[in-house]
Amino acid sequence: MTDWRGAWTAALDELELDVAQVEAMLADEHRNAETPPADLWRPPTELGALPLELKPRADEILTRQLRVAEEIARRLVSNRQQMAMTSRIETGEMVKRPVYVDCAM
Numbered sequence: 007m008t009d010w011r012g013a014w015t016a017a018l019d020e021l022e023l024d025v026a027q028v029e030a031m032l033a034d035e036h037r038n039a040e041t042p043p044a045d046l047w048r049p050p051t052e053l054g055a056l057p058l059e060l061k062p063r064a065d066e067i068l069t070r071q072l073r074v075a076e077e078i079a080r081r082l083v084s085n086r087q088q089m090a091m092t093s094r095i096e097t098g099e100m101v102k103r104p105v106y107v108d109c110a111m
């Protein structure tokens, strides 16, 4: 029984470390975003059911994961908007209305 709890604790430790690394990456805007994390977290196999006393910790990690995923999505949208704006400025697409109107007619 102790090995089962220990295995789950180790699995949650790894998952929490993974979330903490992504949180740190999001907090550091100057980090090289092209470098992926070296060790991607993989879910353990054959652990069985999560021990009840570890559920609050697992729930807290899940909440952090969802918050990080939301922040990543928000930043991706922001980057796309910036790229679209830059593209319009560079190509002149930003001006959609006539620059000169002849009112003499």
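Be aware that the sequence shown starts at 7, since it is given in the numbering used here, and climbs by one per residue.
Built from N, CA and C at the ideal position, the CB exists for glycine as well.
{"Check": "Would you list, in sequence order, the uninterrupted alpha helix (DSSP H) runs of no fewer than 4 residues that lie entirely inside the region 57-100?", "Outcome": "61-97"}
{"Check": "By Cβ distance, which residues of its chain are closer than 6 angstroms to residue 32, with the 5 residues on each side in sequence left out?", "Outcome": "77"}
{"Check": "Here's the rule: buried if 16 or more other CB atoms are within 10 angstroms of the residue's CB, otherwise exposed. What is residue 10?", "Outcome": "exposed"}
{"Check": "Between residue 22 and the rest of its own chain, which residues show a CB-CB distance below 7 angstroms, the 5 nearest in sequence each way excluded?", "Outcome": "67"}
{"Check": "Would you decide whether residue 83 is buried or exposed? Buried here means 16 or more other CB atoms lie within 10 Å of its CB.", "Outcome": "exposed"}
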